[in-house]
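Before any comments, here is the structure.
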Amino acid sequence: MAEEGVRLQKVLSQAGIASRRVAERMITDGRVEVDGRLVTELGARVDPSVADIRVDGSRVILDDTLVYLAINKPRGMLSTMSDERGRPCVGDLVEHRVRGNKKLFHVGRLDADTEGLLLLTNDGELAHRLMHPSYEIPKTYVATVIGTVPRGLGKKLRAGVELDDGPAHVDDFAVVDTVPGKTLVKVTLHEGRNRIVRRMLAAVDFPVQELVRTDIGSVALGDQRPGSIRALSRKEVGELYQAVGM
1 MAEEGVRLQK
11 VLSQAGIASR
21 RVAERMITDG
31 RVEVDGRLVT
41 ELGARVDPSV
51 ADIRVDGSRV
61 ILDDTLVYLA
71 INKPRGMLST
81 MSDERGRPCV
91 GDLVEHRVRG
101 NKKLFHVGRL
111 DADTEGLLLL
121 TNDGELAHRL
131 MHPSYEIPKT
141 YVATVIGTVP
151 RGLGKKLRAG
161 VELDDGPAHV
171 DDFAVVDTVP
181 GKTLVKVTLH
191 EGRNRIVRRM
201 LAAVDFPVQE
211 LVRTDIGSVA
221 LGDQRPGSIR
231 ALSRKEVGEL
241 YQAVGM
């Protein structure tokens, strides 16, 4: 930890974590770590450009140029930031809302027919880790399938089904609702292969009619309407960092 620098409570306050007085209490209560060391003294100074500061285990993001967005991608829209054929794409949604949006990475894709949660960020390392299969970030989908789902289908999908590009399995499966001729199911998995949910359900003879991604890790779509954009909260960003070991 640097002797020269900014007082830790001031850094926390400027990052929007809490008022300086509350930040001081967080420090003395043993809730703040700097570069892996617990700090309980109020005189501590840090270099905010390099310090790894965590509150309650979650990293504090000090770079105010970093952008973290949640979009509810509408059905019929491409996940890309631009399209040379002029088709509707996510880039159209953020063009007038986020400066330098061409540098944003989308965390995973959704096919054009799928609605739901898409994360956008210019934090390249976080985006890479969230998409890398080794970190096993769960993604949850709600699918409307044709037919009535039998009791044993979840067990079959957890065990795994064979697809043309190898076996795949879900982490969790539940029936949400049933109506005549259709069933609403919830599927959680950490697979990232193209159209994986649609292909898995088709493989067990339950083709998907509608599909919505509702969660990526701890970030939930909630009641966000299609086409809307919101900034992730500091808590959500911290939880994503924690999930990928950053």
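Residue 206 in full-length UniProt numbering sits at position 206 of the sequence shown, with consecutive numbering throughout.
Note that the Cβ used here is the ideal one computed from N, Cα and C, for glycine as well.
The model shown is predicted, which means the values in this text are computed figures rather than measured ones.
Which residues DSSP lists as bridging Thr28, in chain order: Assignment of beta-bridge partners to Thr28 by DSSP yields no partner.
Which residues DSSP lists as bridging Thr140, in chain order: According to the DSSP secondary-structure assignment, Thr140 is paired through a beta bridge with Thr188, Asp215.
Note down the Cα distance separating Leu66 from Gly76, rounded to an integer number of angstroms. 28 angstroms
Would you list the residues sitting across from Ile229 in a DSSP beta bridge? Partner(s): Ile71.
With Arg213 and Leu110 assumed to form a contact (beta carbons below 8 angstroms), what rounded beta-carbon distance in angstroms separates them? 6 angstroms
Return the residue from the list Arg129, Pro167, Gly166, Val175 that minimises the CA-CA distance to Ile146. Out of Arg129, Pro167, Gly166, Val175, the CA that lies nearest to the CA of Ile146 is found in Val175.
Tell me, please, whether the region 113-123 touches the region 163-179 by the rule of three or more beta-carbon pairs shorter than 8 angstroms. no
In this structure, how does DSSP classify Ile61 when only helix, strand and coil are distinguished? Three-state result, Ile61: coil.
What is the DSSP secondary structure of Arg109, counted as helix, strand or coil? coil
Near Asp83, which residues of its chain fall below 6 angstroms by C-beta distance, leaving aside the five closest residues on each side in sequence? Cys89
From Val32, Arg151, Lys139, pick the residue whose C-alpha is nearest to that of Thr183; which is it? Arg151
CA-to-CA distance, Ile53 to Gln14, given in whole angstroms: Distance between the alpha carbons of Gln14 and Ile53: 13 angstroms.
Excluding the five sequence neighbours on either side, which residues of its own chain have a C-beta within less than 6 angstroms of the C-beta of Ser58, listed in chain order? Gly238, Gln242
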